[in-house]
Amino acid sequence: MRGPYPARSLRLFVMQIVYGLGSLQAVLPPEGDREFDNMVNEADILKAISDQNHKKKPKYVRTARRYNHEPATLRRRYKGQTVSNQEATSIRRKLLTDAQEEVLLNHISALIS
């Protein structure tokens, strides 16, 4: 008998729970069937961008294959057309303007020193 959540609905680092004989057994979905396999590893994408910075003409496809990423993802990140998920979330949830942030940081610095 399967748990209350199908494997496809909770993929991001969540395992499918299978109930059997009074004990819980955690089972990962099949290797090629994991959604998080396609997610961008931020450290790898930064290494790939760093590789591109050392070249006169960027080779997106070759570098993307080396780091196991999509060439389009690498190209957009390299050109600054997109940002990481964490940075995008930070920008969307920002509550202070840049000026307010600067005033607050200056005030904190003054209190510390």
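Using mature numbering (1 follows the signal peptide of the UniProt record, and there is no 0), the letters of the sequence shown correspond one by one to residues -26 to -1, 1 to 87.
For each residue, glycine too, the CB sits at the ideal point set by N, CA and C.
- Looking at the backbone, the Cα of Glu75 and that of Leu69 are separated by about 9 Å.
- Annotated three-state conformation of Pro45 is helix, per DSSP.
- For Lys30, no alpha helix (DSSP H) segment is defined, and its DSSP state is neither H nor E.
- Pairing Thr56 with Lys33, the inter-Cα distance amounts to about 18 Å.
- Per DSSP, the continuous alpha helix (DSSP H) segment holding Thr63 begins and ends at Asn59 to Arg66.
- One thing to note: Ile82 has its Cβ no nearer than 7 Å to the Cβ of Tyr52.
- For Leu78, the enclosing alpha helix (DSSP H) has its first and last residue at Asp72 to Ile86.
- Around the CB of Gln26, 16 or more other CB atoms lie within 10 Å, so the residue is classed as buried.
- Taking all protein chains shown into account, Leu85 has fewer than 16 neighbouring C-beta atoms within 10 Å of its C-beta and is therefore exposed.
- A distance below 8 Å between beta-carbons, with the five flanking residues on each side excluded, links Glu44 to the following residues of its chain, in chain order: Ala38.
- Residue state for Leu69 is assigned as coil, using DSSP reduced to three classes.
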